[in-house]
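Trainee: All residue numbers for the sequence shown refer to our numbering, where the first residue is 2 and numbers rise by one.
Glycine residues also receive a C-beta, built at the ideal position from the N, C-alpha and C atoms.
This is the structure, below, for whatever I ask next.
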Amino acid sequence: MYQILTDSECDLPLATLEASNVDAISFHTKIGDQDLINDFGKSYDINEFYQKIQSGIMPTTTQVNVGEYFEFFKPYVENKMSIVYIGFSSGLSGSMSSAHQAKSMLLESYPEADIRIIDTLAASGGEGLMVLKAIRLQKAGATLDGLVSWFDENKMRLRSNITVDNLNYLYHGGRISRTSATVGTLLKVKPILDVDPSGKLRVAMKTRTRKKSLLELADLTLGIIQENPSQPIIITTSGDYDAAEVVKERIIEKVSTADIQIYPIGMTISSHTGFGCVAVFAMGEAPRV
2 MYQILTDSEC DLPLATLEAS NVDAISFHTK IGDQDLINDF GKSYDINEFY QKIQSGIMPT
62 TTQVNVGEYF EFFKPYVENK MSIVYIGFSS GLSGSMSSAH QAKSMLLESY PEADIRIIDT
122 LAASGGEGLM VLKAIRLQKA GATLDGLVSW FDENKMRLRS NITVDNLNYL YHGGRISRTS
182 ATVGTLLKVK PILDVDPSGK LRVAMKTRTR KKSLLELADL TLGIIQENPS QPIIITTSGD
242 YDAAEVVKER IIEKVSTADI QIYPIGMTIS SHTGFGCVAV FAMGEAPRV
């Protein structure tokens with residue numbers, strides 16, 4: 002048996018992870034002098050956090066460091082358990098590099114340790130779908146080698162489509178220029194973003210008005226799932242649950258049997274999207290390009 006590990010950026014409910022004995026390492030967020038731990042709501046109220054970013058507060062985030070990963074992996078290694086860490090995109094954070102460094106350090110002291118690290122090249126519900134797939138594979142009897150092989154062959158089929166309601170957070174995160182943020186806000190531009198093959202965010206298209214951006218998210222997802230409409234779909238949002246429901250209802254209107262869950266986006270990603278981000282994650286048939 003092997004241990005599945007992940008991090009707080011998978012945005013799955015804590016109860017879901019605990020039910021399958023999946024452990025997660027927490028990312029960090031800071032508002033002023035206040036340090037917050039993204040521990041799935043155990044020590045903070047996510048809706049209170051959303052209120053703060055809705056008011057215009059700009060939190061800062063830090064990657065998980067090597068020492069934290071070392072201590073996270075170490076108990077399993079000491080107990081001679083094989084582990085597989087399914088983590089946040091290396092294209093969005095340096096934390097994946099820290100995980101690999103921690104693995105190298107542990108192998109120096111425990112050369113027989115079996116530590117696998119999977120860069121999902123995804124975030125939020127996209128990473129969450131990958132974790133759920135790992136859980137299903139393990140329960141179905143997949144070996145660790147078999148699980149890793151599935152990810153090698155299929156993780157690039159994951160599609161992420163995202164819209165934000167406040168362009169200033171994309172500007173502060175370096176995703177768009179100040180001019181684009183200013184002009185876009187004046188013209189009510191609502192971009193549709195996706196995640197490229199290297200795991201980085203990019204602007205895929207631009208829409209006008211919030212409603213159009215939400216309908217575009219739904220329609221893009223319908224195109225993605227047409228070969229497998231019964232697959233699990235995750236929608237995440239940084240506080241705008243009504244908007245998330247609009248997207249869900251549009252999909253169900255076309256595919257009544259769609260399996261859709263809506264979850265809140267954690268503090269780390271919300272810090273870079275602002276209030277009102279809505280994202281949809283599903284598996285396509287072909288790799289993303």
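Which runs of the beta strand (DSSP E) spanning at least 3 residues fall entirely within the segment 101-171, listed in chain order?
Mentor: Fully enclosed beta strand (DSSP E) runs of 3 or longer: 116-120 and 159-164.
Trainee: Inspect the CB distances between the segment 229-236 and the segment 188-207 and report whether three or more fall short of 8 Å.
Mentor: Short answer: they don't touch.
Trainee: So, does the CB of Ile136 fall closer than 9 Å to a CB anywhere in chain C?
Mentor: In the structure shown, chain C does not exist; there is a single protein chain.
Trainee: In chain order, which continuous runs of the beta strand (DSSP E) of length 3 or greater are located wholly inside the segment 201-233?
Mentor: 202-209, all fully within the segment 201-233.
Trainee: Only counting runs of 4 or more residues, tell me where the alpha helix (DSSP H) segments fall wholly within the segment 9-89, in order along the chain.
Mentor: Runs of the alpha helix (DSSP H) inside the segment 9-89: 15-20, 47-55 and 67-79.
Trainee: Going by the CB atoms, is the gap between Ile26 and Ser125 shorter than 9 Å?
Mentor: Residue 125 sits at position 124 when you count from the first residue of the sequence shown. Residue 26 sits at position 25 when you count from the first residue of the sequence shown. No, the Cβ-Cβ distance between Ser125 and Ile26 is not below 9 Å.
Trainee: Quick check on the DSSP output: the alpha helix (DSSP H) that includes Asp241 runs from which residue to which?
Mentor: Walking along the sequence shown from the start, residue 241 turns up at place 240. Careful: Asp241 lies outside any alpha helix (DSSP H) and carries neither H nor E.
Trainee: Taking the alpha carbon of Ser272 as the point to measure from, which residue in Pro60, Arg137 and Gln35 has its own alpha carbon closest?
Mentor: Residue numbering aside, residue 272 sits at position 271 when the sequence shown is read from its first letter. When only C-alpha atoms are compared, the closest one is Pro60.
Trainee: Can you tell me the Cα-Cα spacing of Ser199 and Ser98, whole angstroms?
Mentor: For this step, residue 199 is matched to residue 198 along the sequence shown. For this step, residue 98 is matched to residue 97 along the sequence shown. Cα to Cα, Ser199 sits roughly 14 Å from Ser98.
Trainee: Identify, in the order they occur along the chain, each residue of the same chain with its Cβ nearer than 6 Å to the Cβ of Val149, setting aside the five sequence neighbours on each side.
Mentor: Position 148 of the sequence shown holds residue 149. Excluding positions up to five away in sequence, the list reads Arg117.
Trainee: Would you call Glu217 buried or exposed, if buried means 16 or more other Cβ atoms sit within 10 Å of its Cβ?
Mentor: The sequence position of residue 217 within the sequence shown is 216, counting from 1. Per the 10 Å Cβ criterion, buried.
Trainee: Over what stretch of residues does the alpha helix (DSSP H) that includes Met2 continue unbroken?
Mentor: Here residue 2 corresponds to residue number 1 of the sequence shown, with the count starting at 1. Element bounds for Met2: n/a, residue is neither H nor E.
Trainee: Can you name the residues that DSSP bridges to Leu194?
Mentor: One-based indexing of the sequence shown puts residue 194 at position 193. The partner list for Leu194 (beta bridge, DSSP) reads Ile163 and Val204.
Trainee: According to DSSP, is Ile270 helix, strand or coil?
Mentor: Locating residue 270 in the sequence shown gives position 269, where the first residue counts as 1. Ile270 falls in the helix class under three-state DSSP.
Trainee: Rounded to whole angstroms, what is the Cα-Cα separation between Arg137 and Gln55?
Mentor: Within the sequence shown, the letter at position 136 stands for residue 137. Within the sequence shown, the letter at position 54 stands for residue 55. So the alpha carbons of these two residues sit roughly 37 Å apart.
Trainee: According to DSSP, what are the bridge partners of Ala287?
Mentor: One-based indexing of the sequence shown puts residue 287 at position 286. BP columns for Ala287 are empty, so no partner.
Trainee: Could you round the C-beta distance between Val279 and Val248 to whole angstroms and report it? I think they count as a contact, below 8 Å.
Mentor: On the sequence shown, position 278 is the one that residue 279 refers to. On the sequence shown, position 247 is the one that residue 248 refers to. Between Val248 and Val279 the Cβ distance is about 6 Å, and since that is below 8 Å, they are a contact.
Trainee: Are the Cβ atoms of Thr164 and Ile193 separated by less than 9 Å?
Mentor: The residue you call residue 164 lines up with position 163 of the sequence shown. The residue you call residue 193 lines up with position 192 of the sequence shown. Yes. Within cutoff.
Trainee: Would you kindly work out how many angstroms separate the C-alpha atoms of Leu107 and Tyr70, rounded to a whole number?
Mentor: The residue given as residue 107 occupies position 106 in the sequence shown. The residue given as residue 70 occupies position 69 in the sequence shown. One C-alpha to the other measures close to 10 Å.
Trainee: Would you kindly check if the distance between the Cβ of Asn155 and the Cβ of Asp195 is under 9 Å?
Mentor: As a working mapping, residue 195 is identified with position 194 in the sequence shown. As a working mapping, residue 155 is identified with position 154 in the sequence shown. It is not a contact, given that the beta carbons lie outside the stated cut-off.
Trainee: Does the segment 85-99 touch the segment 6-23, meaning 3 or more C-beta pairs lie closer than 8 Å?
Mentor: They touch, by the three-pair rule.
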